[in-house]
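Right, one structure below, let's go through it.
4 protein chains.
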Amino acid sequence: MDDLLRLGKQVLASQPFSTLVGAELTGFSPGSAELTIPVTPQLKQQHGFVHGGVISYAADNALTYAGGSVLGPAVVTSEYKINYLRPAKGTALIARAIVICKSRTQAVCRCDVFTIDEDKENLCAVSQGTIASIGKSSEE
Amino acid sequence: MDDLLRLGKQVLASQPFSTLVGAELTGFSPGSAELTIPVTPQLKQQHGFVHGGVISYAADNALTYAGGSVLGPAVVTSEYKINYLRPAKGTALIARAIVICKSRTQAVCRCDVFTIDEDKENLCAVSQGTIASIGKSSEE
Amino acid sequence: MDDLLRLGKQVLASQPFSTLVGAELTGFSPGSAELTIPVTPQLKQQHGFVHGGVISYAADNALTYAGGSVLGPAVVTSEYKINYLRPAKGTALIARAIVICKSRTQAVCRCDVFTIDEDKENLCAVSQGTIASIGKSSEE
Amino acid sequence: MDDLLRLGKQVLASQPFSTLVGAELTGFSPGSAELTIPVTPQLKQQHGFVHGGVISYAADNALTYAGGSVLGPAVVTSEYKINYLRPAKGTALIARAIVICKSRTQAVCRCDVFTIDEDKENLCAVSQGTIASIGKSSEE
Chain A
3 MDDLLRLGKQ VLASQPFSTL VGAELTGFSP GSAELTIPVT PQLKQQHGFV
53 HGGVISYAAD NALTYAGGSV LGPAVVTSEY KINYLRPAKG TALIARAIVI
103 CKSRTQAVCR CDVFTIDEDK ENLCAVSQGT IASIGKSSEE
Chain B
3 MDDLLRLGKQ VLASQPFSTL VGAELTGFSP GSAELTIPVT PQLKQQHGFV
53 HGGVISYAAD NALTYAGGSV LGPAVVTSEY KINYLRPAKG TALIARAIVI
103 CKSRTQAVCR CDVFTIDEDK ENLCAVSQGT IASIGKSSEE
Chain C
3 MDDLLRLGKQ VLASQPFSTL VGAELTGFSP GSAELTIPVT PQLKQQHGFV
53 HGGVISYAAD NALTYAGGSV LGPAVVTSEY KINYLRPAKG TALIARAIVI
103 CKSRTQAVCR CDVFTIDEDK ENLCAVSQGT IASIGKSSEE
Chain D
3 MDDLLRLGKQ VLASQPFSTL VGAELTGFSP GSAELTIPVT PQLKQQHGFV
53 HGGVISYAAD NALTYAGGSV LGPAVVTSEY KINYLRPAKG TALIARAIVI
103 CKSRTQAVCR CDVFTIDEDK ENLCAVSQGT IASIGKSSEE
């Protein structure tokens, strides 16, 4: 495992909410990040699908990681939007985010969220947002 | 407690992820909804603030409830965007959503998310999105 | 007319595209801005309604003005989202934007866009976005 | 020129605002659309860059066309968000939109907007939104 991924996993492990959700950082390189969340019963809504809040968490955090991969670890999500495409069912969620454009203090990123259902990936949400460095300005 | 709020609480209680997060429906009337989440250690990120994923969950679910208050219980969030305004710290999160415009099959809603810190409310995120009825079309 | 509104009108007059669209700055004070656009045939789409691009322009520019009212004239829109609520018809568009939260280098703002139809205001779009100062960072 | 592109050009020509802006439909096939706008002085803001409202128009309309390419001509943009990446300068804008996911009544699409500057394409904005069919529901 390379140093960046190892560092990223340490940061994720230090987030109690990410531990609660069961998220794992499964990819992390300059310009991209991948989070995987095994689907457990407690992550669902009343109809048996993965709760939208879990999908949003995955997109948000993957966007943050992607931004952090080029801006450094001191970053926050400033804003994002998400479109849910279909009910999420399966054994795991995978959120893959990439950096679209980077400046000194922020990165605009996109994220695709997939479910894994019987070894098939299904796109279930798409997201786009802004990650801001908090080390280089006083605003966040 | 009126019937709508009672029904809303039953739906929330049937969402395992909402139970995991500890969300409570504290207001629900035609055109508006309020969710309250007591802040516990497991809802935080590595710096001790409430994790953005919890704030997104609160906004998303409050938007869905607001939409559901005018469209009926069979609704989903189609999409939303959120701007985080400041780090969220305090003893509770409160997400208040209202319906801006309703058609037969969808509602556009806005949500403000506050933290409660020493009895003071601080706005920490604003959101806007679309809630769609799933009973009146085959698309969702 | 106060100095801020006069300054704002000068800036708007220096934007060739705003002149092309026929936009007027009808309100401008710390924390808010109002743009008015008389509806002319050339602003319409094929069904006789105001083109969505005009509504987006109005929301975007009103958001920028609102942000500029608290950040100073050197600002740009970083990002925004808009929900169209109903077809826009009438004699004028009015876009009203307010600042929700301001930091040193950016402002999160909301905007409501109305049509004026037989002296009645109808909300036709709602928007939310981020305005960034370009004088205080090198990124924009 | 194929029939779909010819039809698309006719629709664009019937939009007075698109004619005012000078937009041309330069690509249109099932699942994608491309709009090109030659940059003229009247499309600029006060610093000589293309006005954000033009970029928004391009993104919005390209999204609508992409959605229309799979849903049919009776469509509207329900909502979208846009992130501006850098000041837009050059001789033309090109907005390229694709369909990410289509249901019976709506399509979620993404759009990238480029400037052409000395024969080089520069990404200047990214967008994501929902296009709704108006022929299959009464809501729009």
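Chains as they are written, first to last, in our numbering: chain A, 3 to 142; chain B, 3 to 142; chain C, 3 to 142; chain D, 3 to 142.
Even for Gly, the Cβ is constructed at its ideal location relative to N, Cα and C.
Checklist entry - Does the distance from the C-beta atom of residue 44 of chain A to that of residue 18 of chain B stay below 8 Å? => result yes
Checklist entry - Could one say the Cβ of residue 132 of chain C lies closer than 8 Å to chain A's Cβ atoms, at least one of them? => result yes
Checklist entry - Are the C-beta atoms of residue 44 of chain D and some chain C residue less than 8 Å apart? => result yes
Checklist entry - Any chance the segment 56 to 64 of chain B sits against the segment 73 to 81 of chain C, with 3 or more Cβ pairs inside 8 Å? => result no
Item to check | Sequence-distant residues of its chain with Cβ nearer than 6 Å to residue 142 of chain B (five each side left out) | outcome: In this prediction, residue 142 of chain B has a pLDDT of 36, which is less than 50 and means its spatial position is unreliable; what the coordinates show is noted afterwards. Cβ neighbours of residue 142 of chain B beyond the five flanking positions: 78, 134 and 136.
Checklist entry - Do the segment 97 to 114 of chain C and the segment 19 to 33 of chain D make contact, defined as three or more Cβ pairs closer than 8 Å? => result no
Next on the checklist: For a contact defined as C-beta to C-beta under 8 Å, what are the partners of residue 6 of chain A on chain D?
Outcome noted: Under the 8 Å cutoff, chain D gives no residues; its nearest Cβ is about 25 Å from residue 6 of chain A.
Next on the checklist: Within a Cβ cutoff of 6 Å, which residues of the same chain sit near residue 101 of chain D, ignoring the five residues on either side of it in sequence?
Outcome noted: 33, 68, 72, 109 and 111
Checklist entry - Secondary structure at residue 33 of chain C, three-state DSSP: helix, strand or coil? => result coil
Checklist entry - Applying a beta-carbon distance threshold of less than 8 Å, which residues of chain C neighbour residue 118 of chain B? => result Result: empty, since nearest Cβ-Cβ is about 17 Å, beyond 8 Å.
Checklist entry - Are the beta-carbon atoms belonging to residue 2 of chain C and residue 94 of chain C less than 8 Å from one another? => result As displayed, chain C neither begins before 3 nor continues past 142, which places residue 2 of chain C out of reach and without an answer.
Checklist entry - In whole angstroms, what separates the C-alpha of residue 139 of chain A from that of residue 76 of chain A? => result Reliability fails at residue 139 of chain A, whose pLDDT of 46 lies under 50, so the model's placement of it is uncertain and the value that follows must be treated cautiously. Their backbone Cα atoms lie some 11 Å apart in a straight line.
Item to check | Same chain, Cβ closer than 7 Å to residue 2 of chain D, five either side skipped, listed in chain order | outcome: Residue 2 of chain D falls outside the range modelled here, since chain D spans only 3 to 142, and no answer is possible.
Checklist entry - Just by C-beta distance, which residues in the segment 56 to 85 of chain D are closer than 7 Å to chain A? => result 83 and 85
Next on the checklist: For residue 110 of chain A, would you say it is in contact with chain D, using Cβ-to-Cβ distances shorter than 8 Å as the test?
Outcome noted: yes
Checklist entry - What does DSSP give as the partner residues of residue 114 of chain B in its beta bridges? => result B/98 and B/128
Item to check | Interface residues of chain A facing residue 13 of chain B [CB-CB closer than 7 Å] | outcome: 48
Checklist entry - Per DSSP, residue 120 of chain B is paired with what? => result None, per the DSSP bridge assignment.
Next on the checklist: Can you tell me where the alpha helix (DSSP H) holding residue 11 of chain C begins and where it ends?
Outcome noted: 5 to 15
Checklist entry - If you check the beta carbons only, do residue 113 of chain D and residue 99 of chain D fall under 8 Å apart? => result yes
Checklist entry - Does any CB atom of chain B fall closer than 8 Å to the CB of residue 103 of chain C? => result yes
Checklist entry - Residue range of the alpha helix (DSSP H) that residue 66 of chain A falls in? => result 54 to 73
Next on the checklist: Tell me the rounded alpha-carbon separation between residue 9 of chain C and residue 49 of chain D.
Outcome noted: 16 Å
Checklist entry - chain C beta carbons: is any one of them nearer than 8 Å to that of residue 95 of chain B? => result no
Checklist entry - What's the call for residue 36 of chain D, buried or exposed, on a 16-neighbour Cβ count within 10 Å? => result buried
Checklist entry - Could you check where the alpha helix (DSSP H) with residue 20 of chain A kicks off and where it finishes? => result 18 to 23
Item to check | Integer-rounded CB distance, given that residue 42 of chain A should sit under 8 Å from residue 28 of chain A | outcome: Actually they do not touch by this definition, with Cβ atoms about 17 Å apart.
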